[in-house]
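Structure first, then comments.
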Amino acid sequence: PTPAPTQAAPAAPQPKPSVCPPAAYDFAGAVSHIGLPQEAGCATGILVDPTSRKVLWAKHAEKPVPIASMTKMMTLLLAEEAIAEGRIARTTVIPVSVEAYKIGGSQVWLDPKESFPLGELLKAVAIKSANDAAYLVGERLGEGDIGAFVRRMNARAKELGMTHTEFYDAHGLGDAQKRNNRSSAHDMVLLGERLLAYPEAMRLAGTPMDTFRDGKTELKNHNNLVFRRVKGVDGLKTGYTSASGFCVTLSCERGGRRLLGCVTGFKSARDRDAFCKALLDWGYTK
């Protein structure tokens, strides 16, 4: 007899985003001053071990400050969660809107005549820190309403326990009322920790160079630390505006141990990066 045709196995369910925040970090043993070069130039900061939940170093870690393009970590997280839930795919083609075209600062010069797959736009957001791409992603995930997406950013922040965070836009430049997104260093490592669950987001965050628009537009990572300048750094996101200074949320893995950190307020990228290197070297002795 002819065997009955076999049926394909049902697709495995996609992981759903965690609503509950992870276990709180323990500040009990944290030091507030190490005496490292450039430490005085850091306005706020934190270094944590996400496995032990220990805070190793903290400087005004709960103080809300402008976060500039570190904002894009939340935009990336919401995109990855939407993909995981099946609400959108990396292959989904998104037409460029006039509103996205008008966004300035760091960009990939989107044109309303163009359309791009979501995956390409996320590459531009994560590597080039493209404000126009971040706006377009937020607009699409908000079903055409960027305000709805920003409200989701704030709701997700609360779900993650980011109690000192307020978002006004999807990119970090500030909104039409010139309000700056604000967060604390502690909140930013909570956000960074959640992004660790998404390998593609981390791969992009740690990619030094790539291209966009079929190779016509070069993407260079704004995070100098991923250019093998600091051992083990594999992301996450830098930021700069005159209000925020030079800041970064970073992830590093050495010998199977991961550390997460965030620093803000530096007057130069060089000082920020030098301090991050020294801070990580110190952290891995603890």
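Numbering (my numbering), first residue to last: -17 to 268.
Glycine included, every Cβ here is placed at the ideal spot set by N, Cα and C.
Computed from a predicted model, the values in this text were never measured in an experiment.
Residue j beta carbon less than 8 Å from that of residue i
| i | j | result |
| --- | --- | --- |
| R164 | T189 | no |
| S233 | L178 | yes |
| E121 | S79 | yes |
| L218 | A187 | yes |
| S108 | Y222 | Reading off the sequence, residue 108 comes out as Ala, not Ser. In this structure, Y222 does not lie closer than 8 Å to A108 by Cβ. |
| I16 | V171 | no |
| D114 | I70 | no |
| K268 | R236 | no |
| R138 | M56 | yes |
is_contact[residue i, chain C] using C-beta, thresh 8 Å
| i | result |
| --- | --- |
| L172 | Although the question refers to chain C, the structure presented lacks it and comprises just one protein chain. |
Under the three-state DSSP convention, the category residue i falls into
| i | result |
| --- | --- |
| D157 | coil |
| P4 | coil |
| W264 | helix |
| F9 | coil |
| K36 | strand |
| K249 | coil |
| F149 | coil |
| P(-5) | Model confidence at P(-5) stands at a pLDDT of 44, short of 50, so the residue's coordinates are unreliable; what they give is reported in the following sentence. Here P(-5) sits in coil by DSSP. |
| C24 | coil |
| D169 | helix |
| T(-12) | Because the pLDDT of T(-12) is 42, which lies under 50, any placement of that residue in the model is unreliable, and the number read from its coordinates should be weighed accordingly. If DSSP states are grouped into helix, strand and coil, T(-12) belongs with coil. |
| V78 | coil |
| P(-17) | Note on P(-17): pLDDT 46, under 50, position unreliable in the model; the coordinate value appears next. Coil at P(-17), not helix or strand. |
| E175 | helix |
| F131 | helix |
Which listed residue (the options) has its alpha carbon closest to that of residue i
| i | options | result |
| --- | --- | --- |
| T33 | A6, S51, H15 and R69 | A6 |
| P99 | L242, R236, K268 and R195 | R195 |
| R72 | E81, V119, V215 and G86 | V119 |
| H153 | R254, D216, L103 and P46 | L103 |
| R176 | A116, G156 and G143 | G143 |
| V75 | A158, F131 and G101 | G101 |
| K95 | V245, G86, K105 and A82 | A82 |
| D157 | A139, E141 and I128 | I128 |
| V47 | C229, G11, W91 and A106 | C229 |
| R185 | R211, D93, V215 and N162 | V215 |
| W264 | D169, R133, V13 and S250 | V13 |
| K249 | T231, S224, G11 and L242 | S224 |
| N162 | L242, M52, N203 and D93 | M52 |
| P4 | Q20, K36 and P77 | K36 |
Supposed contact pair residue j and residue i - C-beta distance, whole angstroms, cut 8 Å
| i | j | result |
| --- | --- | --- |
| G284 | A25 | Residue 284 lies beyond the residue range present for the chain, which begins at -17 and ends at 268; the question has no answer from this structure. |
| L60 | L123 | 6 Å |
| K54 | A116 | 5 Å |
| R254 | V245 | 6 Å |
| L18 | F257 | 6 Å |
| T193 | E182 | 17 Å between Cβ atoms; not a contact. |
| D31 | L241 | 6 Å |
| V90 | A106 | 5 Å |
- Message: Does the structure place the segment 199 to 209 close enough to the segment 37 to 46 that three or more beta carbon pairs sit under 8 Å?
- Response: No, they do not touch.
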